[in-house]
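Visitor: Numbering (our numbering), first residue to last: 2 to 227.
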């Protein structure tokens, strides 16, 4: 049994499609099962609830061998470290209780330090918790997702403006979420690996938000950092 968290997200939804062909039994945790198509509902077991609910998580992880774990984004938390730690602690306890053998986790780059760097430092704390388990863990690292550009669509439509807090000259190996899902599926379906490790899921080219300047030549847009 493979358990997939955030199954309606950009990565999780594409991961499910890649796992269907394997024939492995699949279980998901979802706040709103109504988001699944009838075809998907026929192929997965759904446990309704939140990753912050210990009872829900323990039920979902019961009798499972593999887990795809993602901290879902949220705008409701006051302290990002507390939010990340609360969810990973619930998951770690359920992993111990249920005996999950292998975990594939989505994280970021820029790790290895613990300053107050928002989700970056919070992700590092999550990794430390997962790597302390007896289970085998693979952490998938990436710089940023190409789909993050889509966050600018509302401001583009409204005022013709991009908005970002990242300097335009910062270069990262951007990756598409479909490629990230493919990397996760490969690990979840490969029985040969064990132990802890990290896997970089990186695009073929280092890009910056300056790619938007190319669009500016063809579209009437402005840029805003902040």
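Backbone N, C-alpha and C fix where the C-beta goes; we use that ideal spot for every residue, glycine too.
Can you tell me whether residue 40 is buried or exposed, with buried defined as 16 or more other CB within 10 angstroms of its CB?
Guide: exposed
Visitor: Less than 7 Å separating the beta-carbons of residue 62 and residue 95?
Guide: yes
Visitor: In whole angstroms, what separates the C-alpha of residue 73 from that of residue 27?
Guide: 19 Å
Visitor: Looking at the structure shown, is residue 231 part of a helix, part of a strand, or coil, going by DSSP?
Guide: Given a span of 2 to 227 for the chain in the structure shown, any question on residue 231 remains unanswerable.
Visitor: How would you call residue 124, buried or exposed, if buried means at least 16 neighbouring beta carbons within 10 angstroms?
Guide: buried
Visitor: Just the C-alpha distance for residue 181 and residue 12, rounded to the nearest angstrom, thanks.
Guide: Distance from the CA of residue 181 to the CA of residue 12, rounded to the nearest whole angstrom, comes to 7 Å.
Visitor: Quick one, which of 196, 108, 87, 64 has its alpha-carbon nearest residue 51's?
Guide: 87
Visitor: Using 10 angstroms around the beta-carbon of residue 207, count the other beta-carbons present and answer buried if the total reaches 16, otherwise exposed.
Guide: exposed
Visitor: DSSP state of residue 190, grouped into three classes?
Guide: helix
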